[in-house]
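Below is one structure, written out as structure tokens, with a few remarks after it.
Protein chains: 2
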Amino acid sequence: MSVPGECARITPILSRVGDKWTVLIILILSEHPKRFNQIRREVEDISQRMLTMTLRGLERDGLVARKVYADKNPPWVEYRLTDLGQTLVAPLFALCEWAAENCDTIDANAARAS
Amino acid sequence: MSVPGECARITPILSRVGDKWTVLIILILSEHPKRFNQIRREVEDISQRMLTMTLRGLERDGLVARKVYADKNPPWVEYRLTDLGQTLVAPLFALCEWAAENCDTIDANAARAS
Chain P
1 MSVPGECARI
11 TPILSRVGDK
21 WTVLIILILS
31 EHPKRFNQIR
41 REVEDISQRM
51 LTMTLRGLER
61 DGLVARKVYA
71 DKNPPWVEYR
81 LTDLGQTLVA
91 PLFALCEWAA
101 ENCDTIDANA
111 ARAS
Chain Z
115 MSVPGECARI
125 TPILSRVGDK
135 WTVLIILILS
145 EHPKRFNQIR
155 REVEDISQRM
165 LTMTLRGLER
175 DGLVARKVYA
185 DKNPPWVEYR
195 LTDLGQTLVA
205 PLFALCEWAA
215 ENCDTIDANA
225 ARAS
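One line per chain: the protein sequences are P and Z, in this order.
Each residue of the first sequence is one higher than the one before, starting from 1 at the first, in this note's numbering.
Each residue of the second sequence is one higher than the one before, starting from 115 at the first, in this note's numbering.
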């Protein structure tokens, strides 16, 4: 297996979809649409500013859609995955699963190396 | 699908393995062991310093091993994936494949949004 596609072409995309906050937000939204503070509670350790910026980037790339319920009082803002965003769930879930299974081994290796 | 494992636990690992240079280096080494300059030629646009730092991080995490052939003149340094590194190839290949298939769509979405 070498690199599918041209490195220079996919590198900018990888830096966006491989970003740790993006990975977690995509997986959390894969369950169902959610509101800002709900996402923030589930993505531990993310700041309000980072969540705002990451969601804006995902909207710009067409991976997440934002819906305003103006008839609510106060108005609601809900985020959901687009069809394109849904296609990213499987590869990101596999990466997260790998990280969850190997985090202890990696931490032990890093501790030994330091 | 929600997030496998605890967010706070896997986030540090994700930021390392989801890094764009890490993704490309792991896939390039999945073919066979390679020397520094060979890796640098194949990972377009990476600086010498960034390649050195990324390889050092991969070694520390136990994903890449480094072998010195001191009997060569000049001595050779070769990098290869460890068994743990090999287990990361499939999820990273899937992520790269997704990026290669969707980079045009994402660029078009981003252009429309700006």
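For each residue, glycine too, the CB sits at the ideal point set by N, CA and C.
{"Query": "Per-residue DSSP class, three states only, for residue 81 (chain P)", "Result": "strand"}
{"Query": "Coil, strand or helix - residue 67 (chain P) by DSSP", "Result": "strand"}
{"Query": "The segment 195-208 of chain Z / the segment 83-95 of chain P touching (three or more Cβ pairs under 8 Å)", "Result": "yes"}
{"Query": "Per DSSP, cross-strand counterpart(s) of residue 190 (chain Z)", "Result": "Z:183"}
{"Query": "C-alpha gap between residue 225 (chain Z) and residue 149 (chain Z), whole angstroms", "Result": "38 Å"}
{"Query": "According to DSSP, residues forming a beta bridge with residue 34 (chain P)", "Result": "P:79"}
{"Query": "Buried versus exposed, by CB contacts within 10 Å (16 or more), residue 22 (chain P)", "Result": "buried"}
{"Query": "Neighbourhood of residue 153 (chain Z) by C-beta, 8 Å cutoff - its chain only, sequence neighbours within 5 removed", "Result": "139, 142, 143, 165, 169, 193"}
{"Query": "Assigned exposure category for residue 227 (chain Z) - 16 Cβ within 10 Å defines buried", "Result": "exposed"}
{"Query": "Inter-residue spacing [alpha-carbon to alpha-carbon] between residue 66 (chain P) and residue 77 (chain P)", "Result": "7 Å"}
{"Query": "Contact check, residue 10 (chain P) vs residue 217 (chain Z), beta carbons under 9 Å", "Result": "yes"}
{"Query": "Residue-chain proximity (residue 186 (chain Z), chain P), Cβ-Cβ < 9 Å", "Result": "no"}
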